[in-house]
Amino acid sequence: MTDNAPEVLRYAAFTADPAGGNPAGVVLDATGLDTAAQLAIAAELGYSETAFLTPGSSERSFAVRYFSPLAEVPFCGHATVATAVALAERIGPGELLFETSVGPVPISVTAGPDALEATLTSVEPHVLEIPAADVTEALSLLNWSATDLDPALPPRIGYAGARHLVLAVATRERLADLAYDFDGLARFMTDRELTTLQLVWRESDTVFHVRNPFPVGGVVEDPATGAAAAAFGAYLRDLGATTPAAVLTLHQGHDLGRPGRLRVELRAGDPRIRVTGAGVRIPAAE
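One point on numbering: in numbering that gives the first Met the number 0, the residue at position 81 of the sequence shown is 80, and numbering is uninterrupted.
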């Protein structure tokens, strides 16, 4: 790196353990970095996403762009949490505003029991039907069958800043067994403008286990996915599968050896979804 190279920080989101959750790159000062330079940094780092900040329109607001190793993505929850925690360590906890390509995302950073915690408030979400033929194709690419699905939670596309196909399975064993057609699924997702697949098993009314293939970003699987968690909260509300005000716990990353925990909050009268997670810096030796 040269003296003019930006500082690239590494944080793990949705965990207080640097070896858990989802690692993200954070560039707190991306002034002067064009799109190609940001993509090159993200590709070299190799994490599922890296966030790049420039000054926003007001105090404690920041313009943010997110890049996977292959492309820019419209919104990323875990990199938002990581970046908010990194900022809070430098300018103090409290309220932040991220100006993203999908709209403003308010964030509140507070002290948690083991680490700083960030709560993002999503843009207004929506949920869409998906053609049966697309579901069949997705299942084939996953090497799953229709009988693996939970009939009480039908497939849908959820959006809370990025598009995710939600597929709920009937057993934890099915969720644990994930070996998919990487190139085929990447093409399928690109054609439908999907960011990840949100694969879900319901442990109880408020506790879920999730996995997120991310081949369009050049990553086999995302260990913890805040944007998909927000979309999933909207999905459950759209189905009437949860109460108007609810707090959900999502466990993710266990099958990858990087366990993470996401808190998803729905509030009556507010369509937006709140997603909370801890964040911690990854030491240089990690």
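Glycine included, C-beta positions come from ideal geometry on N, C-alpha and C.
Since we're looking at a predicted model, the values are computed, not measured.
Beta-carbon contacts of residue i that lie in its chain and below 7 Å, excluding the five residues immediately before and after
i	result
ARG236	LEU265
ASP149	ALA167, VAL168, ALA169 and ARG201
Beta carbon of residue i nearer than 7 Å to that of residue j
i	j	result
ALA81	TYR10	yes
LEU140	PHE187	yes
ALA132	ILE106	no
LEU52	ALA29	yes
GLY20	PHE13	yes
GLY292	GLN251	Residue coverage of the chain in this structure runs from 0 to 285, which leaves residue 292 outside it and unanswerable.
PRO212	ALA185	no
ALA226	GLN197	no
ARG59	LEU95	yes
ARG155	VAL165	yes
ARG262	THR275	yes
Backbone CA spacing between residue i and residue j [nearest angstrom]
i	j	result
ALA178	PRO222	15 Å
ILE281	ALA15	10 Å
THR1	GLY45	With a pLDDT of 49 at THR1, under the threshold of 50, the predicted position of this residue should be treated as unreliable, though the coordinate-derived value follows. Rounded to the nearest angstrom, the two C-alpha atoms are 20 Å apart.
GLY55	ALA62	5 Å
LEU27	LEU38	15 Å
GLY91	ALA85	10 Å
ALA267	ALA35	42 Å
TYR234	PRO22	26 Å
ARG273	THR118	6 Å
ALA283	GLU43	16 Å
SER57	PHE181	42 Å
GLY256	ARG210	12 Å
LEU138	ARG89	45 Å
THR109	GLU136	43 Å
LEU152	VAL199	9 Å
HIS163	ASP190	13 Å
Cβ-based neighbour list, residue i, same chain, cut-off 6 Å, excluding 5 preceding and 5 following
i	result
VAL122	VAL101, GLY102 and GLY160
GLU285	Residue placement at GLU285 is flagged as unreliable, the pLDDT there being 47, under the threshold of 50; the coordinate-derived value follows with that caveat. PRO17.
GLY183	LEU140
THR120	PRO105, ARG271 and ARG273
Outcome for residue i when other beta-carbon atoms lying within 10 angstroms are tallied against a minimum of 16
i	result
THR195	buried
SER67	buried
ALA229	buried
ASN3	exposed
SER144	exposed
VAL206	exposed
ASN142	exposed
GLU192	exposed
GLU116	buried
ALA175	exposed
Near the ligand SAH: residue i beta-carbon under 6 Å from a heavy atom
i	result
LEU38	You won't find the ligand SAH in this model; it holds no ligand whatsoever.
Residues near residue i by beta carbon distance below 8 Å, same chain, minus five either side
i	result
ALA41	GLY24, GLU48, THR49, PHE66, SER67 and PRO68
LEU32	PRO5, VAL26, ILE40 and PHE51
Touching by the beta-carbon criterion (3+ pairs, under 8 Å), the stretch 231-251 and the stretch 74-89: no
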